[in-house]
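When we follow the working numbering, the leftmost residue of the sequence shown carries the number 125, and every step to the right adds one.
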Amino acid sequence: MAYTLFYFPGNANLAPHIALEEIGTPYELALLDRGNAEHKSAPYLARNPTGRIPTLLAQQPDGNEETVFETAAILLHLADRHPESKLAPAPGAAGRGRFLTWLFHLTNTIQPEYRVFYYPEQHVTDPVHVADAKATAERRLCEMFALVDRELATRPCIAADHLTVADFLLLMLVRWGRNFTHPPRDLPHLGRLCAELLARPSVQRAFGQEGLGAPFI
Numbered sequence: 125m126a127y128t129l130f131y132f133p134g135n136a137n138l139a140p141h142i143a144l145e146e147i148g149t150p151y152e153l154a155l156l157d158r159g160n161a162e163h164k165s166a167p168y169l170a171r172n173p174t175g176r177i178p179t180l181l182a183q184q185p186d187g188n189e190e191t192v193f194e195t196a197a198i199l200l201h202l203a204d205r206h207p208e209s210k211l212a213p214a215p216g217a218a219g220r221g222r223f224l225t226w227l228f229h230l231t232n233t234i235q236p237e238y239r240v241f242y243y244p245e246q247h248v249t250d251p252v253h254v255a256d257a258k259a260t261a262e263r264r265l266c267e268m269f270a271l272v273d274r275e276l277a278t279r280p281c282i283a284a285d286h287l288t289v290a291d292f293l294l295l296m297l298v299r300w301g302r303n304f305t306h307p308p309r310d311l312p313h314l315g316r317l318c319a320e321l322l323a324r325p326s327v328q329r330a331f332g333q334e335g336l337g338a339p340f341i
């Protein structure tokens with residue numbers, strides 16, 4: 125099975141990129157020129173009408189390509205398409221509900237809050253409130269990561285007792301908070317998991333291919 129992942133270094137493609145490396149399946153990277161808004165161009169919008177990054181092209185057995193966008197959808201698609209990787213409990217298996225719960229919590233609750241943090245001007249009508257919106261988003265994100273840290277006190281990984289694609293998504297989200305006043309990497313259980321993930325060859329390869337340097341998280 126062959127894939128093409130449209131990406132920009134450090135964007136929401138990082139988690140699917142790690143998953144592809146972990147699975148070990150053939151894939152290609154297609155760099156998008158964000159400086160020239162290539163992700164808003166007609167050819168890209170024809171594949172992903174949201175104009176966001178990433179997008180995955182997945183070759184089907186019949187030779188056709190299937191397009192998948194939204195980071196969590198790509199992660200779930202890859203995990204289910206490669207069950208031998210054991211990166212998600214199989215549909216109907218014990219633990220599938222917990223896995224889906226945390227995968228969707230990360231993508232539906234934590235990830236959207238980052239849009240307020242990084243683009244606060246898009247969430248206020250009066251520019252005078254931009255700084256407050258950004259600060260409030262950082263506070264809320266810190267509260268969310270504290271909850272995740274408490275969960276990790278009871279299990280080695282966030283969504284199961286073993287590594288899943290949800291952990292790659294969590295690592296990406298922790299990275300995005302590396303410049304917080306109180307970065308999530310400093311939380312004890314979350315920091316432990318992130319250190320373990322950063323030691324994995326698949327994670328190191330993905331970071332290297334995207335040209336991401338220290339601080340990694």
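Think of the CB as a built atom: it goes at the ideal place given N, C-alpha and C, for glycine as much as any other residue.
Whose C-beta lies closer than 6 angstroms to the C-beta of residue i among residues of the same chain, with five residues either side of it excluded?
i      : result
Pro244 : Val254, Ala257 and Lys258
Asp273 : Leu311, His313 and Leu314
Glu237 : Ala261, Arg264 and Leu265
Considering Cα atoms alone, identify which of the options is closest to residue i.
i      : options                           : result
Pro308 : Glu267, Gly332 and Pro251         : Glu267
Leu200 : Leu227, Gln184 and Ala218         : Leu227
Pro207 : Leu144, Leu265, Gly337 and His247 : Leu144
Lys164 : Ser326, Tyr151 and Thr179         : Thr179
Glu146 : Phe292, Gly335 and Leu317         : Phe292
Leu155 : Pro133, Ala139, Arg176 and Pro140 : Pro133
Asn135 : Ala284, Leu297 and Ala319         : Leu297
Leu336 : Ala277, Glu320, Arg302 and Arg316 : Arg302
Thr231 : Thr249, Thr260 and Thr195         : Thr195
Glu262 : Thr249, Ala277, Phe241 and Arg279 : Phe241
Ala161 : Thr249, Gly175, Ala319 and Gln246 : Gly175
Ala284 : Pro185, Glu320, Glu152 and Arg222 : Arg222
Glu152 : Arg158, Pro167 and Ile142         : Ile142
His229 : Gly187, Phe269, Arg158 and Gln246 : Phe269
Mapping DSSP to helix, strand and coil, what is residue i?
i      : result
Tyr242 : helix
Phe193 : strand
Glu334 : coil
Phe130 : strand
Leu169 : helix
Thr179 : strand
Leu276 : helix
Leu155 : strand
In its own chain, which residues sit with a C-beta less than 7 angstroms from the C-beta of residue i, not counting the 5 before and 5 after it?
i      : result
Phe340 : Arg299, Leu322 and Phe331
His306 : Cys266
Gln235 : Leu297
Compute the beta-carbon to beta-carbon distance between residue i and residue j, rounded to the nearest angstrom, for a pair I have assumed lies under 8 angstroms.
i      : j      : result
Glu334 : Leu138 : 7 angstroms
Pro213 : Arg220 : 4 angstroms
Val289 : Leu224 : Actually they do not touch by this definition, with Cβ atoms about 11 angstroms apart.
Tyr131 : Ile177 : 6 angstroms
Enumerate in chain order the residues of its own chain whose CB-to-CB distance from residue i is below 8 angstroms, with the five nearest sequence positions on each side excluded.
i      : result
Leu276 : Ile282, His313, Leu314, Arg316 and Leu317
Arg329 : Glu145
Using a threshold of 7 angstroms, is the CB atom of residue i nearer than that to any non-hydrogen atom of the ligand NAD?
i      : result
Cys318 : This structure lacks the ligand NAD, and indeed carries no ligand of any kind.
message: Does the contact criterion of 3 or more C-beta pairs under 8 angstroms hold for the region 169 to 176 versus the region 185 to 195?
response: Segments in contact, yes.
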